[in-house]
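Each remark here refers to the structure printed beneath this line.
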Amino acid sequence: MTTAVFIGCSFIAFGPVLALCVCTIAAEPLSLVFLITGGFFWLVSLLLSSLVWFIAVQIGGSNNASVKKNFLIFGVVFSVLLQEVFRFAYYKLLKKANKGLMTVSQEETIPISVRQLSYAFMTLAIVPLHVFWGIVFFDACEKKKWWAPALVILSHLLVSGLTFLNPQYDGSLVPSYIIMMLMGTWAFFTAGGSLRNLKLCLMCRDKDFLLANQHPR
Amino acid sequence: FSSGFCWGNSVERKIYIPLNKTAPCVRLLNATHQIGCQSSMNGDTGVIHVVEKAQDLKWVLTDGPHPPYMVLLEGELFTRELMLQLKGSSRISGLAVAISKPSPAQGFSPGLKCPNDGFGVYSNDYGPQYAHCNWTVWNPLGNGLAYEDFSFPIFLLEDANETQVIKQCYQDHNLPQNGSVPEYPLCAMQLFAHMHAVTNTVTCMRRSSLQTAFSLNPEEVCDALSDYNVWSTLKPINASSKINPVDEVIIVATRIDSHSFFWNVAPGAESAVASFVTHLAAAEALHKVPDVQMLPRNIMFTFFQGETFDYIGSSRMVYDMKMDKFPIRLDNIHSFLELSQVALRNSSVLWVHTDPVSRRNESIQPQVETLVEALINSSVGANVTLQEVGQSQPLPPSSFQRFLRAKSIPGVVLADHRTSFQNRYYQSMYDTAENILMKYPEGLSPEETLDYVTDTAKSLAEVATVVARALYQLAGGTGNTSAIQADPRMVSRMLYGFLIKTNNSWFQSIIKQDLKGLLGDELPQHYIAVTSLVNTTQLVQYVLANLTGTVVNFTKEECLNPEKTPNPEKEMYVYTWVQGSRDPNSTSRVPFCVQSTVHLTKAASPAFELKQWGSTEYSTWTESRWKDIRARIFLIASKELEIITLVVGIAILILSLLATYFINAKAHVLFSSPGDGGTVAY
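Protein sequence lines correspond, in order, to chains A and B.
Under the working numbering, the final residue of the first sequence carries the number 424; numbering is consecutive throughout.
Under the working numbering, the final residue of the second sequence carries the number 707; numbering is consecutive throughout.
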């Protein structure tokens, strides 16, 4: 991998999240705190789940490739569930901290991949997915709609499970992007958006460019 | 999958396959030129192409669409014509040569046709008709490849398994399918062998001396080739003072080093090992004679190091003798006997070479005749026929020539060739035990192989017997010489130790206790190198001490510090505490003290003592320094794909920045809904 590929893949994978950070998080110090805390929670969940996987592999102790793959599937499922548990725990913590705004920014990389570009594009899909999941999850917990977090967990499991289809990248990337679009739409509506607002926004752009210089929230 | 511990470089292991059993070609410099190979600072990368026949080269030189190429060459094709073709091409980024097993049938010698030309005795002032091999070309198979300068790295692949891995990678990715061009990703090889020295010895030594003089952290760029000569006398002499000017010494000489195209690959079986093993056997045979201590003349057994590189060892010894830094002076030398290549005798004939120019001198001629007569007399009854070459033929390349440069001394050089070398692999990687026809039967254990007496050993023992008997006569011995016999079993053990495996039980028993790194399991190499005291020199020293010395009943302290117990006898001898052989039942060894007359003397060219780095009188060979030498193979992607990745990445970054900015700016419009402001936003 040369320097050009390294920079290109980094930008593909982390371009949106970098944009998010620069535009929204960096402006407000509180959101930075939430960002770091949320990231820490997610990392701890990953650490615990990988510890469980590691112990399981050591106990299982086999060199068979299919047995190792089974262990990995178990590890991924467990990791997804643990991440969602930690997401809930983070929600609870934020509620207790009694602040209004929460920001969650996460990064996730898929463990198995050989082609770097597909790797980068998968990360490009996963980062917003986590953002959307966070939005939907917290809103659902707030409104006590328990079917929504269940759907979030299921879709997280689905996307992680799809990565086991690698190296058939069309099997894993395309559905993941479709799920991301769907979740994105759901999160948009959950956050208070609507088709009417969208039309308003776009027509505003057409009519009045000065409105583009609104103060950021 | 690689489970378990992740040492942080398992990704590297998935990408790169390192090639471990390789030997590089490094840069050597002399007063006027640089030879060898050079790579770029961060290694040279190229798409692998396997060249198994001459037509394959066309793809590399003209047809192939993905230059530069890294050529994997079969050993048979490693010839001068092909290398000159590659040298002129800019589509080559490096070369890997797979060693050819068995050795090429037509012979292979990367040395010069006229070895050590210009540093021997024949010049425009002395025997001009013999200078520059005008009379006899000694090494007609020499293609001079080792003395060319290449601008790309060249590595030797010593392991056939690694060569097969590379060929498999090539067949999987680089072969054109049905005439179409192979597509990326392609299998590529990267060779790292960046050399620091440039131009010639004068330049690199000047730069090194500037660094040493003025820098706090000197970065030297080259080192002179130097090591030690091993010498021993039949009757002990005081090495720290000069011997009586009236005393006469007969010098017996052989060289102990060799060279090849690649660094530290120098098996040198016929060019060096067979000769010095014969020499060692003759020394052993002589020491067994009961009345040697009463002989009128002394005999000095000398093993010169660095003779391959313009006579480093012998030129230094002659210089020391002239400057009175050596116990023996040039005037003490009565005669000179050198053993050149002696292992490939044709129908048991051993040729006696003499110097025609010095024989014209009336005092030298009868002495030479006495020498030859003593040799011929000693060959009666042995399976060796001694014959003189034509009296007008010059000497082959030999250390004797350096002595003749200083003073006319009567001397002969014994060789198995009359005109050009019998050795078809002179100074090449193929000059191995097979070249001197050492054959062992199948299924022997290492111990049995050590003690098995090959025909080669028997033949060399015959030569050693003749040499020992002749020396006894020349030294003034009057007794019956038929009892002087070299031991074929000892010769065979030495051949095994110096050509096949140094880590054997006999060598283990004759070395000092704390030298574990000296004996290895891989094939022994005899290159002079730049570090002091290479393995070969040390082993020759210990073997000579064991064969010619006596065991004395000293304790370890007395042996290691002989000056503590003053005794005039002790100044004549050298004491070594050797670890001895292992008891068959226990694991400990029984060490003992050996008293011998074996000394080491520095073999560094006088050019470096005198700081005459551009000297044409003395050897000026230096070896460049380097940081990193390694090789690896991996898959590379096309340049277009890399650029596309970069552009797409930048585009996505800009796009997401713009989108986020707009959504952020319009957020109050987009996400306003009747109700609370305490909902989750984003």
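Virtual Cβ for every residue (Gly too), placed ideally from N, Cα, C.
Does the segment 522–541 of chain B come close enough to the segment 471–484 of chain B that 3 or more CB-CB pairs lie under 8 Å? yes
Mapping the DSSP letters down to three states, classify Thr209(A) as helix, strand or coil. coil
Count the other C-beta atoms from every protein chain shown that fall within 10 angstroms of the C-beta of Gln412(B), then say buried if there are 16 or more, exposed otherwise. exposed
Locate the beta strand (DSSP E) running through Arg657(B), then write down its first and last residues. Per DSSP, Arg657(B) is one residue of the beta strand (DSSP E) stretching across Trp651 to Ile661.
For a quick check, are the C-beta atoms of Ala628(B) and Ser285(B) less than 8 Å apart? no
Per DSSP, Leu216(B) forms a beta bridge with which residues? Asp69(B) and Ala656(B)
Considering only their Cβ atoms, is the gap separating His219(B) from Ser115(B) smaller than 8 Å? no
Considering Cα atoms alone, identify which of Arg655(B), Arg341(B), Gln498(B) and Met319(B) is closest to Ser757(B). Residue 757(B) is absent from the model: chain B starts at 26 and stops at 707.
Under a Cβ-count criterion, where at least 16 other Cβ atoms within 10 Å of its own Cβ denotes burial, should Asn571(B) be classed as buried or exposed? Label assigned to Asn571(B): buried.
Cβ-based neighbour list, His359(B), same chain, cut-off 7 Å, excluding 5 preceding and 5 following: Glu273, Val274, Ile275 and Arg322
Residue environment, Ile688(B), which counts as buried when at least 16 other CB atoms sit within 10 Å: buried
For the segment 681–697 of chain B, list every residue whose C-beta sits within 9 Å of some C-beta in chain A, in sequence order. Ser681, Leu682, Leu683, Ala684, Thr685, Tyr686, Phe687, Ile688, Asn689, Ala690, Lys691, Ala692, His693, Val694, Leu695, Phe696 and Ser697
With a threshold of 7 Å, establish whether the CB of Leu485(B) neighbours any heavy atom of the ligand NAD. Of the ligands one can find in the structure shown there are none, so the ligand NAD has no counterpart to examine.
Cβ shell of Cys50(B) (< 8 Å), same chain only, five flanking positions each side left out: Gly61, Cys62, Phe175, Pro178, Ile179, Phe180, Leu181, Ala218, Phe286, Phe287 and Trp288
Kindly confirm or deny that the segment 627–644 of chain B and the segment 325–333 of chain B touch, where touching means at least three C-beta pairs closer than 8 Å. yes
Cβ neighbours of Ser269(A) in the same chain (closer than 8 Å, five flanking residues each side left out): Setting aside the 5 residues that flank it on each side, Ser269(A) is surrounded in the same chain by Lys275, each with a C-beta closer than 8 Å to its C-beta; the list follows chain order.
What are the residues in the segment 230–244 of chain A lying within 7 Å of chain B by C-beta distance? Cys230 and Thr231
Is Val122(B) helix, strand or coil by DSSP? strand
What in chain C is Cβ-close to Thr209(A), meaning under 8 Å? Here the protein chains are A and B, and chain C is not one of them.
Using only the alpha-carbon positions, how far apart do Ser424(B) and Gly145(B) sit? The alpha-carbon separation between Ser424(B) and Gly145(B) amounts to approximately 8 Å.
Own chain residues within Cβ distance below 7 Å of Gly307(A), not counting five before or after: In this prediction, Gly307(A) has a pLDDT of 45, which is less than 50 and means its spatial position is unreliable; nothing more can be read from the coordinates.
Our contact map puts Phe351(B) next to Val277(B) with C-beta atoms below 8 Å; I'd like the distance itself, whole angstroms only. At roughly 16 Å, the Cβ-Cβ gap does not stay under 8 Å, so Phe351(B) and Val277(B) are not in contact.
Can you list, in chain order, the residues of the segment 546–576 of chain B whose Cβ is nearer than 9 Å to any Cβ on chain A? none
Beta-carbon within less than 7 Å of Val22(B)'s beta-carbon, same chain only, minus the 5 sequence neighbours each way: which residues are those? The question about residue 22(B) has no answer here: the residues shown for chain B are numbered 26 through 707.
So which residues of chain B does Pro356(A) contact, with C-beta pairs closer than 8 Å? Ordered by position in chain B, no residue passes the 8 Å Cβ test against Pro356(A), which lies about 13 Å from the chain.
Start and end residues, alpha helix (DSSP H) containing Trp531(B): Ser530 to Ile535
Nearest candidate by alpha-carbon position, reference Ser252(A), set Gln290(A), Thr392(A), Leu336(A) and Ala226(A): Closest by alpha carbon: Gln290(A).
Collapsed DSSP secondary structure at Val393(B) in the structure displayed: helix
Since Gln533(B) and Leu544(B) should fall inside the 8 Å C-beta cutoff, what is the C-beta to C-beta distance between them, to a whole number of angstroms? 6 Å
Contact list for Pro223(A) against chain B, beta-carbon separation under 7 Å: Under the 7 Å cutoff, chain B gives Ser681.
Measuring CB to CB, does Ile42(B) end up less than 8 Å from Phe659(B)? yes
By Cβ distance, which residues of its chain are closer than 6 Å to Leu409(A), with the 5 residues on each side in sequence left out? none
By how many angstroms is the C-alpha of Asp335(B) removed from the C-alpha of Ala238(B)? Rounded to the nearest angstrom, the two C-alpha atoms are 29 Å apart.
Could you please give me the residues that DSSP links to Pro43(B) through a beta bridge? Arg657(B)
According to DSSP, simplified to helix, strand and coil, what is Phe328(B)? strand
Candidates Leu429(B), Val314(B), Phe617(B) and Ser621(B): closest to Met342(B) by CA position: When only C-alpha atoms are compared, the closest one is Leu429(B).
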